[in-house]
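Student: Below is a structure I'd like to ask you about.
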Amino acid sequence: MQALIRILTSIVLLLILSVAVWLPPEAFVIILAGFLALAWSEYVNLATSAGAPPLHGLGALLPITCAASFAAPDPRTPIVITGVTLLLSAGLSLAGGRQHPKLAIRGTIATVGGICWLGVLPGFYVALRYEPRGVALIVLLFAAVSLGDIAAYYGGRLFGRRPLAPSLSPGKTLEGALFGLVGSCIGGFIVVHYWIVDTAWPVGVAIGLLLGTLGQTGDLLESALKRAADTKDSSSILPGHGGVLDRLDALLFGGAGLYAAVYFGLL
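The sequence shown begins at 136 in the working numbering and counts up one residue at a time.
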């Protein structure tokens, strides 16, 4: 039953994301902002439980502002906006915790780190969506990371023997991680070979490997945060999956990796 719930939730999420990708870029940014607001709320709860309370409430506007700034035509805009946002958030965090200096320092680090994680990294999705081949690039990201996630989950359940990072996530195995990378390579191959036809298929496999590796890195990062907060999921909003942050963790790092590939002319 749990597996069925997980699959049904995945289908609903896939439908929502598919619609969002095909909408105009402005609508894509608005939908992304909604997901980021939920993710920030979950992040605040996790970080607070771990002893490093970041800015909450309207603090969610800070990462959303950073992400949205990547839609600006001038490439200097997100640099300026992000710099100002990080400085502002650090000042607000320190001022709000001045009665407890050690807690304020931890909270400031959590706030700045959270904005980089849930503001700067999603910004690369915004930048990719505004590319001429934006839809294909976002689909490539989703395909590589999602197929990698599915392959890792079922490959680990069937063949997993050796723990990958037991101190961070006891359930993850080396075998599952390898299956995940293979799944990501297949996802990259399919999208590049059948959609981005002006790019050689080995590039698609390499991009899939890159996105799969980054996705698993992001997954482990969130696992470390949940471990510190002594909880299994970031929330229970998504049946069978946990929270929004549990679904975004593997996707966030991939956006930066794919944008780098586009920037350096690999795609």
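For glycine and all other residues, C-beta sits at the position ideal for the given N, C-alpha and C.
Remember, predicted model here, so these are calculated numbers, not experimental data.
#1: Should Trp175 be labelled buried (16 or more other beta-carbon atoms within 10 Å of its own) or exposed?
#2: Tell whether a beta-carbon distance below 8 Å holds between Leu387 and Gly347.
#3: Under the rule that 16 or more other beta-carbon atoms within 10 Å means buried, what is Ser153, buried or exposed?
#4: What residue from Phe259, Thr366, Gly283 and Ile285 has the CA that sits closest to Tyr398's CA?
#5: Bridge partners for Leu373 per DSSP, in chain order?
#6: Between the stretch 311-330 and the stretch 279-288, do at least 3 Cβ pairs fall closer than 8 Å?
#7: Going by beta carbon distance, what residues of the same chain come within less than 6 Å of Phe205, once the five residues before and after it are set aside?
#8: So within the stretch 220-308, which uninterrupted beta strand (DSSP E) runs reach at least 3 residues, ignoring any that extend past its ends?
#9: Quick check: what's the CA-CA separation for Val340 versus Pro236?
#10: With DSSP as the reference, label Leu158 as helix, strand or coil.
#11: Between which residues of its own chain and Ala312 is the CB-CB distance below 7 Å, once the five residues before and five after are set aside?
#12: Can you tell me which of Gly392, Phe163, Pro188 and Leu345 puts its alpha carbon nearest to the alpha carbon of Val270?
#13: For Trp157, count neighbouring C-beta atoms within 10 Å of its own C-beta (all shown protein chains included) and say buried if the count is 16 or more, exposed if not.
#14: Sort Ala363, Leu383, Tyr265 and Ser371 by Cα distance to Thr183 and report the nearest one.
#15: Could you pull the start and end residues of the alpha helix (DSSP H) that Trp336 belongs to?
#16: For Pro198 and Ile250, which I take to be in contact (beta-carbon distance under 8 Å), what is that distance rounded to the nearest angstrom?
#17: Compare the C-alpha of Ala187 against each of Glu177, Thr200, Val215 and Ala245 and name the closest.
#18: Between Tyr265 and Pro160, is the Cβ-Cβ spacing less than 8 Å?
Tutor: According to the structure data:
#1: buried
#2: no
#3: exposed
#4: Phe259
#5: Gly377
#6: yes
#7: Pro213, Gly258, Val261 and Ala262
#8: 298-300 and 304-308
#9: 49 Å
#10: coil
#11: Ala287, Leu299 and Gln351
#12: Phe163
#13: exposed
#14: Ala363
#15: Trp336 to Ala364
#16: 5 Å
#17: Ala245
#18: yes
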